[in-house]
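As given, the protein sequences belong to chains A and B, one line each in that order.
Counting from 1, position 50 in the first sequence corresponds to residue 49 in numbering that gives the first Met the number 0; the numbering is continuous, with no gaps.
Counting from 1, position 191 in the second sequence corresponds to residue 190 in numbering that gives the first Met the number 0; the numbering is continuous, with no gaps.
Cβ coordinates follow ideal geometry from the N, Cα and C atoms, glycine included.
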Amino acid sequence: MHLLYQIFVDPFVQMGAAPDLFAQTLWDGLVAGVLYALIALGFVLIFKASGVFNFAQGIMVVFAALTLVGLHEHGVPAFLALGLTIVVMFVLAFSVERLMLRPLVNQSDVILFMATFGLTYILIGLGQLIFGGNPKVMITNELYLPSGELRFKGLGGFVSFQKIDIAAVIIASLMVAVLAVFFQRTRIGRALRAVADSHQAALSVGISLEQIWVIVWFAAGVVALTTGIMWGARSEVSFSLQIIALKALPVLILGGLTSIPGAIVGGLIIGVGEKLGEFYWGPLLGGGIETWFAYVIALGFLVFRPQGLFGEKIIERI
Amino acid sequence: MLYREVGQYKTSYAADMAVFPILQDRIGIGVILLVAFVVIPLIGNDFLLQAVMIPFLIFSLAAIGLNLLTGYTGLLSLGTGAFMGVGAYACLKLTTYFPQVNIVIWIIASGFFSAAVGVLFGLPSLRIKGFYLAVATLAAQFFLEWCFIRIPWLYNYAISGAIEVPKRTLAGIPLTGPTATATTRYLVVLSIVVLMTWVASNLVHGRIGRMWMAVRDMDLAAELIGIRLLRAKLLAFAVSSFYCGVAGAMIVFLWYGGAEANVFAIDQSFLILFMVIIGGLGTLMGSFFGAALIYILPIVLRMVPEAFGLPLYPATVEHLQFLILGALIIVFLVVEPSGLARLWQIGKQKLRVWPFPY
Numbered sequence: 000m001h002l003l004y005q006i007f008v009d010p011f012v013q014m015g016a017a018p019d020l021f022a023q024t025l026w027d028g029l030v031a032g033v034l035y036a037l038i039a040l041g042f043v044l045i046f047k048a049s050g051v052f053n054f055a056q057g058i059m060v061v062f063a064a065l066t067l068v069g070l071h072e073h074g075v076p077a078f079l080a081l082g083l084t085i086v087v088m089f090v091l092a093f094s095v096e097r098l099m100l101r102p103l104v105n106q107s108d109v110i111l112f113m114a115t116f117g118l119t120y121i122l123i124g125l126g127q128l129i130f131g132g133n134p135k136v137m138i139t140n141e142l143y144l145p146s147g148e149l150r151f152k153g154l155g156g157f158v159s160f161q162k163i164d165i166a167a168v169i170i171a172s173l174m175v176a177v178l179a180v181f182f183q184r185t186r187i188g189r190a191l192r193a194v195a196d197s198h199q200a201a202l203s204v205g206i207s208l209e210q211i212w213v214i215v216w217f218a219a220g221v222v223a224l225t226t227g228i229m230w231g232a233r234s235e236v237s238f239s240l241q242i243i244a245l246k247a248l249p250v251l252i253l254g255g256l257t258s259i260p261g262a263i264v265g266g267l268i269i270g271v272g273e274k275l276g277e278f279y280w281g282p283l284l285g286g287g288i289e290t291w292f293a294y295v296i297a298l299g300f301l302v303f304r305p306q307g308l309f310g311e312k313i314i315e316r317i
Numbered sequence: 000m001l002y003r004e005v006g007q008y009k010t011s012y013a014a015d016m017a018v019f020p021i022l023q024d025r026i027g028i029g030v031i032l033l034v035a036f037v038v039i040p041l042i043g044n045d046f047l048l049q050a051v052m053i054p055f056l057i058f059s060l061a062a063i064g065l066n067l068l069t070g071y072t073g074l075l076s077l078g079t080g081a082f083m084g085v086g087a088y089a090c091l092k093l094t095t096y097f098p099q100v101n102i103v104i105w106i107i108a109s110g111f112f113s114a115a116v117g118v119l120f121g122l123p124s125l126r127i128k129g130f131y132l133a134v135a136t137l138a139a140q141f142f143l144e145w146c147f148i149r150i151p152w153l154y155n156y157a158i159s160g161a162i163e164v165p166k167r168t169l170a171g172i173p174l175t176g177p178t179a180t181a182t183t184r185y186l187v188v189l190s191i192v193v194l195m196t197w198v199a200s201n202l203v204h205g206r207i208g209r210m211w212m213a214v215r216d217m218d219l220a221a222e223l224i225g226i227r228l229l230r231a232k233l234l235a236f237a238v239s240s241f242y243c244g245v246a247g248a249m250i251v252f253l254w255y256g257g258a259e260a261n262v263f264a265i266d267q268s269f270l271i272l273f274m275v276i277i278g279g280l281g282t283l284m285g286s287f288f289g290a291a292l293i294y295i296l297p298i299v300l301r302m303v304p305e306a307f308g309l310p311l312y313p314a315t316v317e318h319l320q321f322l323i324l325g326a327l328i329i330v331f332l333v334v335e336p337s338g339l340a341r342l343w344q345i346g347k348q349k350l351r352v353w354p355f356p357y
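Dropping the structure here:
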């Protein structure tokens, strides 16, 4: 009885008693959710266009951020470094397509998945070799990103918003909007959607798969760079950041592997659910439940919708 | 020349369907077993036994376990590390409560606990497929890992939070704990692995194996020809987790002699998956090849710069190791996506028709 009270009543009583704390937790969850959504977005882009479940997205985030900071450390002006990093991501996309995807075309999903593991190792090794394994500080000021916090009085206390978090939300929203326009309105965007629908049909109307793959990997690289800047600004740029890729996986299956709106909604659900769960229900279980709570949420959704919330309906034929 | 089956006639269906239909293969496997059981313990030093052979055999067993699930039944799982952990912790609890029972029995029996947990987390596989299932099994990985850290009862309230392996004997000879020699442990590991490989081979060549493969190739069609998917998939999860559980118990009890929860972290799951893929999906032989390559490759890579006297910092070597390992994985996948087992088959075929090309 007491346990039931602790699970089903007490957390809500706490939420009611301290609305400012609740609002703060909710905001933290939303920001985390936006960042998860950004990583998931990188996954979805690649999965849609090439059917590759790209495990390397997490390390691409780290690699992009490291390149940016590393270049700046060597005296390159911040915005030039940003441009150069984008060039590096393009080179990466190009070489991935040439050396990995093209020889492996038409292999089963699991083989391609494994290949992205190989890519993960390569990027870890390369990143450490070039930039060293030490954590670095993101060049927030040089990129004119705001810092500090805004405090609002209300709800019976204070709610504070980090400015960088607000910036992250705005930039992420902008990015999604740009991607949406790109997908819906441009010629390349249409080609991308055609490839996502059917590789063979796209080939038969003259769309170059190779070109499309370079473009999506490049787009995923740019998304990774944005994510890297945002995460880096909130904590620091280090290789431990790559585990956030594992955080993005439940987001991905919750939203559906092929859906961009799914990635966003999934990210927000997971981010908020995780923070609220950790804050209000975590102490019951002894804390640290963040690592698996997201997966359990996602699993719960999956049992009812096996293709995720927004995923394409899986039609099976004999 | 030597590898010809000319003149070896098969007079019965059983002979034709044998696992090793060719005499030379049977001789070969006999020689391998002889070397493994007799020659290596006699000539091998502690380094070879402790740092190469024991882990290689244990990882092979875990890879066989995952291969039964991923290679034979087509269910992608990333929770291998956690299922191995269940075996290790179950074994510790069993031998704590019943110290008089032989440890080898408990190592095998701990597989049943792991199998039960595997079935529980295998339940979603009925509705979820492909990568969705892979991520769902990650839930098992993270949840169980959390349990290993947060539930002190599991590690007997040890202050270090690690499994401390008690001393147990087999027929009066110490088998676990600090006094056990590498040779004893090696022989026990080898016996268990050989036995369980034999069981696995019989499973996959029989009715159950065909059932699994039918599910792998197309589960809808398999259901239509009368295979009960629920049973087939859960059985695959159970058997696979059983193998992983035994491997996990052996890692702690017969190799490390004490371990923390991070031994069973997600990296371990990925490592085993590598072994299965590089070795070859759906082949038992491949599991051994994969384990050998993925486990022994880093050891070799570490030794190469020393052997050539290259002046490299240890940190640089480690980074290069990552780089080379990653590149090699991609190269292997490009060269032979069906794995090393396929290369082995091609090699045998070439030997058979040698000196003619075909």
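Does the distance from the CB of residue i to the CB of residue j come in under 8 Å?
i	j	result
G265 of chain A	A48 of chain A	no
A80 of chain A	L67 of chain A	yes
F321 of chain B	G124 of chain A	yes
E141 of chain A	F160 of chain A	no
I191 of chain B	M249 of chain B	yes
V251 of chain B	V164 of chain B	yes
G32 of chain A	I269 of chain A	yes
L301 of chain A	I127 of chain B	yes
F112 of chain A	F46 of chain A	no
F7 of chain A	M14 of chain A	no
A219 of chain A	L37 of chain A	no
L332 of chain B	I110 of chain A	yes
L22 of chain B	N101 of chain B	no
I121 of chain A	Q241 of chain A	no
On a Cα-Cα basis, can you pick out the residue from the options that is closest to residue i?
i	options	result
G78 of chain B	B:A14, B:E144 and B:T95	B:E144
Y96 of chain B	B:Y71, B:S113, B:W152 and B:A139	B:W152
I263 of chain A	A:P305, A:A179 and A:I228	A:A179
S200 of chain B	B:I298, B:L67 and B:G129	B:L67
G365 of chain A	A:V175, A:V222, A:R189 and A:A63	In the structure displayed, chain A extends from 0 to 317; residue 365 of chain A sits before or after that span and is not available.
G64 of chain B	B:A235, B:P297, B:V333 and B:W353	B:A235
A115 of chain B	B:Y242, B:G256, B:M212 and B:I265	B:Y242
F269 of chain B	A:A195, A:L34, A:E96 and A:A114	A:A114
I206 of chain A	A:I243, A:V213 and A:V194	A:V194
Q140 of chain B	B:I150, B:M83 and B:L122	B:M83
I277 of chain B	B:G256, B:P297, B:I329 and B:V245	B:I329
I313 of chain A	A:I110, A:L173, A:T257 and A:I296	A:T257
Evaluate residue i with the Cβ neighbour count: other Cβ atoms within 10 Å of its Cβ, from every protein chain shown; 16 or more gives buried, anything less gives exposed.
i	result
T10 of chain B	exposed
D216 of chain B	exposed
M99 of chain A	buried
A314 of chain B	exposed
I163 of chain A	buried
K274 of chain A	buried
H318 of chain B	buried
G299 of chain A	exposed
L229 of chain B	exposed
A201 of chain A	buried
Y12 of chain B	exposed
Q56 of chain A	buried
W230 of chain A	buried
F151 of chain A	exposed
E209 of chain A	exposed
How many whole angstroms separate the CB atoms of residue i and residue j, which I take to be in contact at a CB cut-off of 8 Å?
i	j	result
A290 of chain B	M274 of chain B	5 Å
L25 of chain A	V271 of chain A	6 Å
I295 of chain B	V51 of chain B	7 Å
I271 of chain B	F58 of chain B	7 Å
P40 of chain B	L186 of chain B	6 Å
L280 of chain B	G338 of chain B	7 Å
F130 of chain B	F52 of chain A	5 Å
V295 of chain A	A138 of chain B	6 Å
Runs of alpha helix (DSSP H) wholly within the segment 48-128 of chain A (minimum 4 residues, chain order): Every alpha helix (DSSP H) stretch that sits fully inside the segment 48-128 of chain A and reaches 4 residues is listed by chain position as 56-72 and 77-94.
Runs of alpha helix (DSSP H) wholly within the segment 256-314 of chain A (minimum 4 residues, chain order): Listed in chain order, they are 259-275, 281-284 and 289-303.
Within the segment 271-334 of chain B, ranges of the alpha helix (DSSP H) (whole runs, at least 4 residues): Taken in chain order, the unbroken stretches of alpha helix (DSSP H) that lie wholly in the segment 271-334 of chain B and span 4 residues or more are 283-307 and 313-334.
Write down every uninterrupted run of the alpha helix (DSSP H) in the segment 73-158 of chain B whose length is 4 residues or greater and which is fully enclosed by it, in chain order. Counting whole runs of 4 or more residues, the segment 73-158 of chain B contains the alpha helix (DSSP H) stretches 79-96, 102-121 and 129-149.
Runs of alpha helix (DSSP H) wholly within the segment 227-259 of chain A (minimum 4 residues, chain order): Listed in chain order, they are 243-254.
Unbroken stretches of the beta strand (DSSP E), 3 residues or longer, contained in the segment 165-225 of chain B: For the segment 165-225 of chain B, whole beta strand (DSSP E) runs of length 3 or above, ordered along the chain, are 167-169 and 172-175.
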